[in-house]
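Input: a single structure, listed below in structure tokens.
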Amino acid sequence: MELEQLRESMKMVLKETRYQHVLGVEEVSIDLAVIHGCDQRKAAIAGILHDCAKYFTDEELLSECTKYKLPVTDGERKSVYLLHAKVGAACARDKYGIEDDDILNAITYHTTGRPGMSLLEKIVFTADYIEPNRKPLPRIEEIRKAAYDHLDFAVYLILENTLEYLNNVGTFIDTRTNETYAYYKNIVCELDAEGKAKEF
Ligand code: DGI
Ligand code: FE
Ligand code: FE
């Protein structure tokens, strides 16, 4: 499918505000792809489709998991909306004909991240958080700057914010989110305060 067709499909299945978010993620993903040397078309596709299952109800998400034989973790059972990421990837393949594993993984891991993400995965994870249509989030300017200068540092800051938010709300935190945070924290411990690699 052409990019415009994918956008049209999203316009049909998402609410207007969510559709604007998707266009924002597409645009920022392309920007980050240019800056960090990633495939722009893949970034655009992943950006457009990352929330394609966002409108599913909990029941639908669970039944899609059965249909596509997707395993459901304990964390996902407690916070079923987390499944919009992996169900989204299954739909991207099944309904929108996406076969590229890197794009599908970028969709699967856009909410929790995962240790050792590919460049495309980090781009979509970050673009999802910093796109201009999101309502203001703490330290957003610092995170936007980091996204352009040092992507791993941006991923770390996003996870730090997300975990603080989830802890404040008292929501159950998925093991994968904690693992991703620990992994990127370990990486940035080797960076200085500006997010630049320390010289050894
Ligand atoms: O779908 P979006 O709203 O664009 O963004 P998203 O897919 O990153 O989902 C964001 C929400 O997911 C946000 O409120 C934080 C939440 N989240 C991230 N990691 C976890 C989590 N929620 C739970 N319960 N557990 C997690 O580990
Ligand atoms: Fe999402
Ligand atoms: Fe999103």
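Quick note, our numbering runs 517 ahead of the 1-based positions in the sequence shown. Here a beta-carbon is modelled for each residue, glycine too, at the ideal position from N, C-alpha and C. These figures come from a predicted structure and were not determined experimentally.
**Asked** Considering only C-alpha positions, which residue in the set Tyr698, Arg535, Cys569 is nearest to Ile615?
**Response** Of the listed residues, the one whose Cα sits closest to Ile615 is Cys569.
**Message:** Give me, in chain order, the residues of the same chain whose beta-carbon lies closer than 6 angstroms to that of Ser635; leave out the 5 immediate sequence neighbours on both sides.
**Reply:** Counting only Cβ-Cβ distances below 6 angstroms, and skipping sequence neighbours, we find Asp619.
**Prompt:** Exposed or buried, what is Asp691 when buried is set at 16 or more other beta-carbons lying within 10 Å of its beta-carbon?
**Reply:** buried
**Request:** With a cut-off of 7 angstroms, give the chain-ordered residues whose Cβ is closer than this to any heavy atom of ligand 2.
**Result:** Chain-ordered list of matching residues: His567, Asp568, Lys571, His601, Ala602, His627, Thr628, Asp645.
**Prompt:** Closer than 7 angstroms: is that where the CB of His538 sits relative to any heavy atom of ligand 1?
**Reply:** yes
**Asked** Taking one C-beta from the segment 695-705 and one from the segment 628-646 each time, how about it: are there three or more such pairs within less than 8 angstroms?
**Response** These segments touch.
**Assigned secondary structure, Gly633 (DSSP; H/G/I helix, E/B strand, else coil)** = Gly633 falls in the coil class under three-state DSSP.
**Request:** Note down, in chain order, each residue of its chain lying with its Cβ closer than 7 angstroms to the Cβ of Asn695, except the 5 sequence neighbours on either side.
**Result:** none
**Request:** Thinking Asp611 and Lys559 are a contact (beta carbons under 8 angstroms), I'd like their distance in whole angstroms, please.
**Result:** About 18 angstroms separates the two Cβ atoms, so there is no contact after all.
**Asked** Are the CB atoms of Val542 and Leu531 nearer to each other than 8 angstroms?
**Response** No, Cβ-Cβ distance for Val542 and Leu531 is not below 8 angstroms.
**Message:** In whole angstroms, give me the CA-to-CA distance for Leu637 and Ile565.
**Reply:** 13 angstroms
**Request:** Scan the segment 561-606 and note each continuous alpha helix (DSSP H) run of 4 residues or more that stays entirely inside, going in chain order.
**Result:** 575-584, 591-595
**Item:** Close Cβ partners of Lys595 (< 6 angstroms) along its chain, the five nearest in sequence each way excluded
**Value:** Within its own chain, the residues whose Cβ lies closer than 6 angstroms to the Cβ of Lys595, once the five positions on either side in sequence are excluded, are Phe689, listed in chain order.
**Message:** Let me check you understand the geometry: is the CB of Val542 closer than 7 angstroms to at least one non-hydrogen atom of ligand 3?
**Reply:** Yes, Cβ of Val542 sits closer than 7 angstroms to a heavy atom of ligand 3.
**Message:** Am I right that Tyr682 and Ile660 are in contact with their C-beta atoms under 8 angstroms? What's the rounded C-beta distance?
**Reply:** Actually they are not in contact, since the Cβ atoms of Tyr682 and Ile660 sit about 13 angstroms apart, beyond 8 angstroms.
**Item:** Buried or exposed by the 16-neighbour rule on C-beta atoms within 10 Å, applied to Cys608
**Value:** buried
**Message:** Would Ile547 and Ala561 qualify as a contact pair, given that the criterion is a beta-carbon distance under 8 angstroms?
**Reply:** Cβ distance < 8 angstroms, so Ile547 and Ala561 count as in contact.
**Message:** Under 7 angstroms: does the beta carbon of Thr694 sit that close to some heavy atom of ligand 1?
**Reply:** yes
**Message:** For ligand 1, is there any heavy atom lying closer than 7 angstroms to the beta carbon of Gly564?
**Reply:** no
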